[in-house]
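*Asks:*
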Amino acid sequence: MADPVLTVAELLRPVFTRIAGGLDSDPVVRRSDRADAQVNGSLALAKALGKSPREVAQMVLDACDLSKVCSATEIAGPGFINVTFSNEFLARELVAAADDVRLGVRNAPAKLKVVVDYSAPNVAKEMHVGHLRSTVIGDALVRMLEFVGHSVVRENHIGDWGTPFGMLIEHLIDLGETEAANELSVGDLDSFYRQARIKFDSNDEFKERARARVVLLQGGDDETLRMWKLLVGESTRYFDKVYQTLGVLLTSDDLMGESAYNPLLAHVVDRLRASGLIEISDGAEVVFPDGFLNRENEPLPLIIRKTDGGYNYATSDLACVIDRVERIGANVVLYVVGSPQSQHLEMVAAVSRRAGWVPESTELTHVAFGNVLGADRKILKSRSGEAVKLDALLTESVERAAEAVKEKNAELPAAQQAEVARQIGIGAVKYADLSTDRIKDYMFDWERMLAFEGNTSPYLQYAHARICSIFRKAGIDRASVRRITPTVEHSAERALTMRLLQFDTAVWDTLDKYSPHRLCTYLFELASEFSSFYEHCPVMRADSEEQKMSRLALCDFTARVMEQGLALLGIESPEQM
RNA sequence: GCUCCCGUAGCUCAGAUGGAUAGAGCGGCGGACUUCUAAUCCGUAGGUCGUAGGUUCGAUUCCUACCGGGGGCGCCA
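Quick note: to get my numbering, add 6 to the position in the first sequence (first position is 1).
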């Protein structure tokens, strides 16, 4: 338990409970700008006891001994207890956290199997900024869940099945396989898809062929499947390339496309029918989950089987749930999917639960997110009015970063400049995406993202690089200062120390709501606190050898938390920049 | 029409289970580089927290109703 606020809360909880007459009573300890922390619980408790809040606060202080952790306590205002942590306590906690592989972050109370469904691009279609959000948010969550000890299964639910494949395969035939493969491999997927779509919309003969091809595909025709695999193969190769550039954990091993659930769809319908949930409505087989209404205020169905006998995405999403719960044994399933899908996912969850496929204890959560907007507050488009290709976006970011590196640190060898530019450019894109509340739309802005000031990844990376630079120039091995107990004296040292101990809370708050921006906010505060410390507390020219070693220890731990924190977001930490 | 989400400083955004004077960055203004990377730091100005009610000792936070913006609402995914 690295966070001192939690330590105080744990110490006070039994005291509050005793005063409350045995009822579990939360001391309500919060960070404060009037002291290190404030205890608010007395106010709520006072009413129940018919005493004044200040009186209760005094009872609390009389009944407990906080001397091991606090250097001062006072009752303030209507009945708050302000506490100041003792410097010795903070130093002790810091050493303990520095000695921990997880840097003070608590392990998960129980190891859970967590399925994270994210990225989900479509075969034979370009990856756009829209996919950036799912990919980057999902990746960060995967890293954090694993960090605290959960067992994570990554699933990339790619769009590799359905009616569009009829026209795509026919277009492939028209083009010739060699030419098609060539076009697909250079990443010109949009043009391939568009050409197929144009022919489908304007050419009746082609449309007929496409329809017939879908039937062949669904019927398992060998030759059709071979061509389908060609399309899927070229696309997934391209996805892998983008994932590699982006630096996310997804690989081809994580592919669980819609086609994978195809053989299970009939079974889904059978099971629903056996449970008596299926109803026939306008010729389609549907389930009516409670609480969902259509425009006419009539029950809204989840369509399981269309009038023409075909299945749709609801069916495959249900198969997905069954697979994840029954085969994988998931305790938690996270859908990192855009917010427009929220009603659909709620309906899928409702039907799954009603069918008894998902135990009460199993969590199905929609980790929803908003759009990436351009300066005009509309969905980000390129100059020509098309969706922005993810690949091109990343390339541009690295190029822009390279210019900045060249300008700021020209002495760096060219090869290293390129590597640092890559780390900064990719990090900036990811951080811009992760650092705001995911549920909201965010505005994409090159200037701000790569401005290297304010709440941006270059600013955080810079704090880390400066620390590395101190050790490098002094010729001191970082590990050698790791056991030193720092002397927390200067206010900047104190602020930094307290912030370092909050890494634990930051990670858990983030996981609690699946909101990576909370970790970002924490890391930004840490970087600000460090920059202030750096300015006010000289390390190599400290007043004494003891102070120097103390500050080196603080620096080392700061760098470790920063590097680990950024790594949890999927962002690299260059040692020079 | 029903329903979900959003509405905080000029701009871009933080504000966990309600807690004492609402925070940061950018931009503005004013300072700090012979000193561990100034890609930095320090100071300052700037807000009826969309509006109106309600619950509470206490509301940016919870509830209700409005106003504004966006999404969803049966055989696309």
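All C-beta atoms in this analysis are idealised placements derived from N, C-alpha and C, irrespective of residue type, glycine included. All of these numbers come straight from a predicted model, not from anything done at the bench.
Alpha carbon to alpha carbon, how far is residue 79 from residue 64? Give it in angstroms, no decimals.
*Replies:* Whole-angstrom Cα-Cα distance: 11 Å.
*Asks:* Considering only C-alpha positions, which residue in the set 26, 8, 502 is nearest to residue 109?
*Replies:* Of the listed residues, the one whose Cα sits closest to residue 109 is 8.
*Asks:* Within the same chain, show all residues whose beta-carbon is closer than 8 Å to that of residue 93, passing over the 5 residues directly before and after it, in chain order.
*Replies:* Here the set comprises 77, 493, 494, 495, 500.
*Asks:* Hey, would you say residue 190 sits closer than 8 Å to residue 258, going by beta carbons?
*Replies:* Result no, Cβ atoms of residue 190 and residue 258 do not sit closer than 8 Å.
*Asks:* Measuring straight from C-alpha to C-alpha, what distance separates residue 579 and residue 568?
*Replies:* Residue 579 and residue 568: Cα-Cα distance of roughly 8 Å.
*Asks:* I'd like to confirm the pairing. Which residues does DSSP put opposite residue 76 in its beta bridges?
*Replies:* Residue 76 pairs with 91.
*Asks:* Using three-state DSSP, classify residue 451 as helix, strand or coil.
*Replies:* Of the three classes helix, strand and coil, the one that applies to residue 451 here is coil, per DSSP.
*Asks:* Are there 16 or more other CB atoms within 10 angstroms of the CB of residue 113, so buried, or fewer, so exposed?
*Replies:* Exposed, since its Cβ has fewer than 16 Cβ neighbours within 10 Å.
*Asks:* Quick one: using the 10 Å Cβ neighbour count with 16 as the cut-off for buried, is residue 115 buried or exposed?
*Replies:* Looking at its Cβ environment, which holds fewer than 16 other Cβ atoms inside 10 Å, residue 115 is exposed.
*Asks:* Would you mind stating whether residue 33 and residue 19 have Cβ atoms separated by less than 8 Å?
*Replies:* A contact, by the Cβ cut-off of 8 Å.
*Asks:* Taking 8 Å as the cut-off, does the segment 481-491 touch the segment 502-517 (at least 3 CB pairs, one atom from each stretch)?
*Replies:* As far as the Cβ criterion goes, the segment 502-517 does not touch the segment 481-491, which means the pair count is below three.
*Asks:* Count the other C-beta atoms from every protein chain shown that fall within 10 angstroms of the C-beta of residue 565, then say buried if there are 16 or more, exposed otherwise.
*Replies:* Under this definition residue 565 is a buried residue.
*Asks:* From what residue to what residue does the alpha helix (DSSP H) around residue 52 run?
*Replies:* Taken as a continuous stretch (DSSP letters only), the alpha helix (DSSP H) holding residue 52 covers 47-55.
*Asks:* Helix, strand or coil for residue 496? Go by DSSP, reduced to three states.
*Replies:* Three-state DSSP puts residue 496 in coil, outside helix and strand.
*Asks:* Residue 199 lies in the alpha helix (DSSP H); which residues open and close that run?
*Replies:* 195-208 is the extent of the alpha helix (DSSP H) around residue 199.
*Asks:* In three-state terms, what does DSSP make of residue 86?
*Replies:* It is a strand residue.
*Asks:* Quick check on DSSP: helix, strand or coil for residue 506?
*Replies:* The answer is helix: DSSP assigns residue 506 an H, G or I state.
*Asks:* When the Cα atoms are used, what is the spatial distance from residue 465 to residue 563?
*Replies:* Cα-Cα distance, rounded: 18 Å.
*Asks:* Take residue 201 and list the residues in its own chain whose beta-carbon comes closer than 7 Å to its own, dropping the five residues that flank it on each side.
*Replies:* Excluding residues within five positions, the ones whose Cβ falls inside 7 Å are 177.
*Asks:* Suppose the cutoff is 6 Å on Cβ atoms and the five residues either side in sequence are ignored; what does the same chain contact list for residue 85 look like?
*Replies:* Around residue 85: 48, 49, 59, 60, 63.
*Asks:* Determine which residues share a DSSP beta bridge with residue 44 and list them.
*Replies:* DSSP, once it has assigned bridges, lists 36, 88 as partnering residue 44.
*Asks:* Residue 250: buried (16+ other C-beta within 10 angstroms of its C-beta) or exposed?
*Replies:* Exposed, by the Cβ-count rule.
*Asks:* Apart from the five residues just before and just after residue 262, which ones in its own chain have a Cβ nearer than 7 Å to its Cβ?
*Replies:* Only 161, 162, 163 meet the Cβ criterion.
*Asks:* Quick one, are the C-beta atoms of residue 368 and residue 320 less than 8 Å apart?
*Replies:* Not in contact: residue 368 and residue 320 (Cβ atoms no closer than 8 Å).
*Asks:* Rank 420, 205, 398, 326 by C-alpha distance to the C-alpha of residue 247 and give the top, closest one.
*Replies:* The residue with the shortest Cα to Cα distance from residue 247 is 398.
*Asks:* Is DSSP giving residue 157 helix, strand or coil here?
*Replies:* It is a strand residue.
*Asks:* Any chance the segment 350-359 sits against the segment 379-399, with 3 or more Cβ pairs inside 8 Å?
*Replies:* The segment 350-359, when compared against the segment 379-399, does not touch it at the 8 Å Cβ threshold.
*Asks:* For residue 387, does the three-state DSSP call read helix, strand or coil?
*Replies:* Residue state, collapsed to three classes: strand.
*Asks:* Please name the residue in 480, 503, 421 whose C-alpha comes closest to that of residue 101.
*Replies:* The candidate whose alpha carbon is nearest that of residue 101 is 503.
*Asks:* Please check the pair residue 130 and residue 181, which I expect to be a contact at CB under 8 Å, by giving their CB distance rounded to whole angstroms.
*Replies:* Residue 130 to residue 181, Cβ: 12 Å. No contact.
*Asks:* Just confirm the distance between the C-beta atoms of residue 317 and residue 283, as a whole number of angstroms; I'd bet it's less than 8 Å.
*Replies:* Not quite, the Cβ-Cβ distance comes to about 16 Å (not below 8 Å), so this is no contact.
*Asks:* If you follow the beta strand (DSSP E) that residue 375 is part of, which residue opens it and which one closes it?
*Replies:* Start and end: 369-375.
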